[in-house]
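Chains D, X and E, in that order, give the protein sequences. Mind the numbering: the first sequence is residues 647 to 1010 in this note's numbering, read in order. Mind the numbering: the second sequence is residues 647 to 1010 in this note's numbering, read in order. Mind the numbering: the third sequence is residues 647 to 1010 in this note's numbering, read in order. Glycine residues also receive a C-beta, built at the ideal position from the N, C-alpha and C atoms. Note that this is a predicted model, so its numbers are computed, not measured.
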Amino acid sequence: MKYLLHEIRHNPMLWLLLFVPVVFLAEAFKPGAYTMLFVLSVLAIVPLAALLSHATESVAAKTGDAVGGLLNATLGNLTELVIALTALRAGQYMLVKASIAGAIVTNILFMLGASFLLGGLKHHTQEFNKVGARFQAGLLFLATVALLVPSATAKVDSPAAAAFAQELSLGLAVLLLVAYGLGMVFSLKTHRELFTSVESGEAGEAPWPVGVALATLAGVTVLVALVSEVFVESVQEAAKTFGMTPAFVGFIIVALVGGAAEMASAFSGARKNRLDLSVGIALGSASQIALFVAPVLVLLSYVIGPSPMSLDFWPGAVVMMLIATLTAALVTTSGRSAWFVGVLTLMVYLTFAMSLYLLPPGLR
Amino acid sequence: MKYLLHEIRHNPMLWLLLFVPVVFLAEAFKPGAYTMLFVLSVLAIVPLAALLSHATESVAAKTGDAVGGLLNATLGNLTELVIALTALRAGQYMLVKASIAGAIVTNILFMLGASFLLGGLKHHTQEFNKVGARFQAGLLFLATVALLVPSATAKVDSPAAAAFAQELSLGLAVLLLVAYGLGMVFSLKTHRELFTSVESGEAGEAPWPVGVALATLAGVTVLVALVSEVFVESVQEAAKTFGMTPAFVGFIIVALVGGAAEMASAFSGARKNRLDLSVGIALGSASQIALFVAPVLVLLSYVIGPSPMSLDFWPGAVVMMLIATLTAALVTTSGRSAWFVGVLTLMVYLTFAMSLYLLPPGLR
Amino acid sequence: MKYLLHEIRHNPMLWLLLFVPVVFLAEAFKPGAYTMLFVLSVLAIVPLAALLSHATESVAAKTGDAVGGLLNATLGNLTELVIALTALRAGQYMLVKASIAGAIVTNILFMLGASFLLGGLKHHTQEFNKVGARFQAGLLFLATVALLVPSATAKVDSPAAAAFAQELSLGLAVLLLVAYGLGMVFSLKTHRELFTSVESGEAGEAPWPVGVALATLAGVTVLVALVSEVFVESVQEAAKTFGMTPAFVGFIIVALVGGAAEMASAFSGARKNRLDLSVGIALGSASQIALFVAPVLVLLSYVIGPSPMSLDFWPGAVVMMLIATLTAALVTTSGRSAWFVGVLTLMVYLTFAMSLYLLPPGLR
Chain D
647 MKYLLHEIRH NPMLWLLLFV PVVFLAEAFK PGAYTMLFVL SVLAIVPLAA LLSHATESVA
707 AKTGDAVGGL LNATLGNLTE LVIALTALRA GQYMLVKASI AGAIVTNILF MLGASFLLGG
767 LKHHTQEFNK VGARFQAGLL FLATVALLVP SATAKVDSPA AAAFAQELSL GLAVLLLVAY
827 GLGMVFSLKT HRELFTSVES GEAGEAPWPV GVALATLAGV TVLVALVSEV FVESVQEAAK
887 TFGMTPAFVG FIIVALVGGA AEMASAFSGA RKNRLDLSVG IALGSASQIA LFVAPVLVLL
947 SYVIGPSPMS LDFWPGAVVM MLIATLTAAL VTTSGRSAWF VGVLTLMVYL TFAMSLYLLP
1007 PGLR
Chain X
647 MKYLLHEIRH NPMLWLLLFV PVVFLAEAFK PGAYTMLFVL SVLAIVPLAA LLSHATESVA
707 AKTGDAVGGL LNATLGNLTE LVIALTALRA GQYMLVKASI AGAIVTNILF MLGASFLLGG
767 LKHHTQEFNK VGARFQAGLL FLATVALLVP SATAKVDSPA AAAFAQELSL GLAVLLLVAY
827 GLGMVFSLKT HRELFTSVES GEAGEAPWPV GVALATLAGV TVLVALVSEV FVESVQEAAK
887 TFGMTPAFVG FIIVALVGGA AEMASAFSGA RKNRLDLSVG IALGSASQIA LFVAPVLVLL
947 SYVIGPSPMS LDFWPGAVVM MLIATLTAAL VTTSGRSAWF VGVLTLMVYL TFAMSLYLLP
1007 PGLR
Chain E
647 MKYLLHEIRH NPMLWLLLFV PVVFLAEAFK PGAYTMLFVL SVLAIVPLAA LLSHATESVA
707 AKTGDAVGGL LNATLGNLTE LVIALTALRA GQYMLVKASI AGAIVTNILF MLGASFLLGG
767 LKHHTQEFNK VGARFQAGLL FLATVALLVP SATAKVDSPA AAAFAQELSL GLAVLLLVAY
827 GLGMVFSLKT HRELFTSVES GEAGEAPWPV GVALATLAGV TVLVALVSEV FVESVQEAAK
887 TFGMTPAFVG FIIVALVGGA AEMASAFSGA RKNRLDLSVG IALGSASQIA LFVAPVLVLL
947 SYVIGPSPMS LDFWPGAVVM MLIATLTAAL VTTSGRSAWF VGVLTLMVYL TFAMSLYLLP
1007 PGLR
């Protein structure tokens, strides 16, 4: 607690933590004021994300960037998992799939691109461990290929096609989970020496003890999840006020706010010239959603959902995931980065965001 | 003969050679017992493949891995060529195309992936000549692009479209053959020094004299071809007994058994840390089928087929070939391998196999 | 002028300059003799291209290959811009788009491939700056992705879809121009040291003074533009005489002749072992057309065209641009080249050219 108070005293951004109780009070007394709840929840998520960032860096300082990045991605994606589980229980499969696809695309293109740009504006060129990036890109490539088949055949409108998509999705979910598990064995056990960081980090602030850091990680993650739920309830209504399409909200807004915590960590790593941390968070988080969160949701849909969920996405979503994966493979192939690599990656994201923003209803 | 007997005495697997005459006897006296013929022919192909493997390694020991790999791919693909010619003469163009596409995909994903996995389980990391891999990936990329156009326009159902596909296929067949020929000039003559192996092989068993090895190669290849024909005749009926779809049989089973000989060589090379040999066999065999066997079949269809054969494949087959080629390019780009690279490649293959296995009839 | 005359005296190819006035005379007195005008204009463009080549090399000698390449690409594409503007004013949007897509594909596949082949026939292996190639490939990748969305949704035939494509095209045009501008800041200012050439050039002829070179560049470019217009007017009619399809003419013939000037420079650079110049011209020219010429045409269509032009291309054109970009990324990834890399790249181009040549009308 003393570490936390010390941190709050020295970091004015954390004063926004005041908005966390405000959100819960507002939701209790004004549950219908969606636009206000939307703004309040965004303001509350920002400082929580900053806290999470500092706690993760404290753990990462003891465990090496790769493990720290994995840890961060795991805890950061609890938010996405909690949101998706709520929607799953309500049978809103379209929303679940949009938030999965959006989170993958946003983590790859926006988080990675902005990390490259922010890091590149401060440092002339930056290096990172390309073995780690290639590993994550490989996992993402497998996941995208796995989503292609059920999505391609889902267009055919027949009972046989639906049964096929369902059976196949179950098999693919198991396959992706196995690949994810073996990937952890590979990166954390048998070949962990390949994933050590390029030595380029500046000495950061004094890290917290691991116990404090882990406790903060856990507690703050729960708070993020709670505030995110208020956010998700209010965002669709607030979006209408601001004139956004549902596709844009599901794909872009939910993904951006849902990933705010990880983005704060990734961007801060990039500014401190620890690009391994940034790349590990961005790509690791994307591949975790694709190979862990999505399959777990398919399996859980048999238990808690009204009916089984399959892995068929609308073609546009699959194409965006495929292009995002290709982009990740292309921009990380050299293990070096400069600001323009970030610009290019962000531009690909902007292309998608612009298309979704302008997309007339019924044209998906 | 004395080398052969010595080999048989020291390698218990070769005792399965007994099944070769048994297959021919069974076919002569019980031509309708498809399930039995299927099992017998698989049992007979395994030892023949092992013999082929040893003979090829003997030649490779004298000529360098790249040339040995090419030699192996050439002779190994005689099987595929003989099978396809039989089907071509009978006018079964669907079967010809399925076995071509299946052999390409299986050689790239299964043979390469299993080589990486088997080699990686024994050796921590392995190196191979990435110039050779890039060369083969380039040839495969060209072949896939060449198949895209006739396949994309084949959906249009009109006489003009059919005539166009036929004319274009003839032109593309000639173009692919020219590319393949120039590729051999490049890799075997003008730039052969680029294709020499990374020095990592363990000393193998004493190789046979080149004459014995070549004679064994030729004779055993003929036997493989003969047994394979029994296999192909029986596999469709046996598949029904085991409950497999025709798409799965044509794409996966025929390709796996047809390539058994090359797989034995590739896997044994990987275990002996001669990954150049494995990569050369896997990718070389795939590109030979795409740029030599397929075009030759198109040209021969004018002579021996009931009508000319075009190069239009069903869209799913083209997509699988494209993804397989991309996978080959991605996993060979660094010239290094570990067991998880093999897992990833095999997982992509499993995705395809699972989709084809579950695919309901009429949904291709 | 004295430098020009000296050059003409020593280079017999320049005697073809005689055809420049002949073209203008022929057009004035025989405006309907299309086949003759076609042949004459091609004969006139060749020496102009050669002059342009020498002038560009003179400037490049003072500024470094990367800047010289950019300069060349800028001036060389004036031809394409003038042609497209003429067609735009006439409302021939199909022709504008075909010439844009054709120029991108031809510059990448034909110009780059022929440079690799011609350079490789003279030099065993050649090296080039792979950072520059990767930079251009990244820009082209972004442009191709940006064209995917409006092209994919253009199939849907509704007023909402048309309005969406138009709005999106305007936004994407601005986005591509911003990316192009930032790319110039990156390659010419903040990170120009990354784009310096690999030292491998042979000492060329004595370069002209920069003033003379720049004046020649400007004057000859205007002449090329004028002759190109005669060429474009005559080519469609002449094509019918030779039995070519309109798709083939728009995509291949216009692009080949429109890029003749740059090709002369690129090929001469490759022969002199200055492959950086060749790669810079080929890919730089393609990305300039995609990220500068095309967006400028969209914006200008609001001012000078009969109606706004959108960025939707027919699917075949988008697929060709995507494959061309992938090919560029694959063949430049190692920074080394040999003749067979050129063969492979040219073969991909031949596949496209053959398909367009045989394509029956109404099947696009």
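- Distance from the CA atom of residue 692 of chain X to the CA atom of residue 877 of chain X, rounded to whole angstroms, is 12 Å.
- Here residue 984 of chain D is not near residue 702 of chain D, since their CB atoms are 8 Å or more apart.
- Contact of residue 797 of chain X with chain D is not assigned, every C-beta pair being separated by 8 Å or more.
- A residue is called buried when at least 16 other Cβ atoms come within 10 angstroms of its Cβ; residue 953 of chain E does not meet this threshold and is exposed.
- When the beta-carbon positions are compared, residue 1004 of chain E and residue 756 of chain X stay at least 8 Å from each other.
- Against residue 763 of chain D, chain E offers no close residue; the least beta-carbon distance is about 10 Å (beta-carbon pairs closer than 7 Å).
- For residue 655 of chain X, the three-state secondary structure derived from DSSP is helix.
- In the DSSP secondary-structure assignment, residue 772 of chain X is bridged to X:983.
- Residues of chain E with a Cβ closer than 7 Å to the Cβ of residue 975 of chain X are, in chain order, 976.
- DSSP places residue 948 of chain X outside both helix and strand once states are collapsed to three, so it counts as coil.
- Proximity of residue 994 of chain D to chain E, defined by a Cβ-Cβ separation below 8 Å, is satisfied.
- The beta-carbon distance between residue 885 of chain X and residue 898 of chain X, rounded to whole angstroms, is 10 Å. This is too long to meet the 8 Å contact definition.
- For residue 817 of chain E, the residues of chain D that pass the 8 Å Cβ criterion are 1000 and 1004, in the order they occur in the chain.
- Here residue 736 of chain E is exposed, its C-beta having fewer than 16 other C-beta atoms within 10 Å.
- With the rule of 3 Cβ pairs closer than 8 Å, the segment 953-973 of chain D counts as touching the segment 781-800 of chain D.
- The DSSP assignment places 921-934 and 940-947 as complete runs of the alpha helix (DSSP H) inside the segment 911-959 of chain E, in order along the chain (cut-off: 4 residues).
- Here the C-alpha atom of residue 758 of chain X lies approximately 29 Å from the C-alpha atom of residue 650 of chain X.
- At a Cβ-Cβ threshold of 8 Å, residue 760 of chain E and residue 988 of chain E count as neighbours.
- Residue 967 of chain E is a Cβ neighbour of residue 790 of chain E, given a cutoff of 8 Å.
- For the segment 941-973 of chain E, the beta-carbon criterion of a distance under 9 Å to any beta-carbon of chain X is satisfied by 961, 962, 965, 969, 972 and 973.
- The beta carbon of residue 682 of chain X sits closer than 6 Å to no other beta carbon from its chain once the five residues preceding and following it are set aside.
- Chain order gives the chain E residues near residue 984 of chain D as 832, 836, 837 and 840, where near means a beta carbon separation below 9 Å.
- At the C-beta level, residue 786 of chain E and residue 912 of chain E stay beyond 8 Å of one another.
- Residue-level contact check: residue 990 of chain X touches chain D, since one or more beta carbons of chain D fall below 8 Å from its beta carbon.
- Contact between the segment 662-671 of chain X and the segment 824-843 of chain E is absent: fewer than 3 CB-CB pairs across the two stretches fall below 8 Å.
- For residue 997 of chain X, the C-beta contacts it makes with chain D under 8 Å involve 788, 791, 792, 795, 818 and 821, in order along the chain.
- For residue 854 of chain X, the secondary structure class from DSSP, reduced to helix, strand or coil, is coil.
- With respect to the 8 Å criterion, residue 657 of chain E and residue 696 of chain E are classified as neighbours on the basis of their beta carbons.
- Here DSSP, grouped into helix, strand and coil, assigns residue 890 of chain X to coil.
- Rounded to the nearest angstrom, the gap between the Cα atoms of residue 871 of chain D and residue 788 of chain X is 49 Å.
- Under the DSSP assignment, residue 812 of chain D falls in the alpha helix (DSSP H) whose first and last residues are 805-831.
- Of the candidates X:881, X:762 and X:969, the residue whose Cα lies closest to the Cα of residue 688 of chain X is X:881.
- Within the segment 734-780 of chain D, there are no complete beta strand (DSSP E) runs of at least 3 residues.
- Annotation for residue 897 of chain E: no alpha helix (DSSP H) segment contains it, and DSSP assigns it neither H nor E.
- At a Cβ-Cβ threshold of 8 Å, residue 893 of chain X and residue 1002 of chain X count as neighbours.
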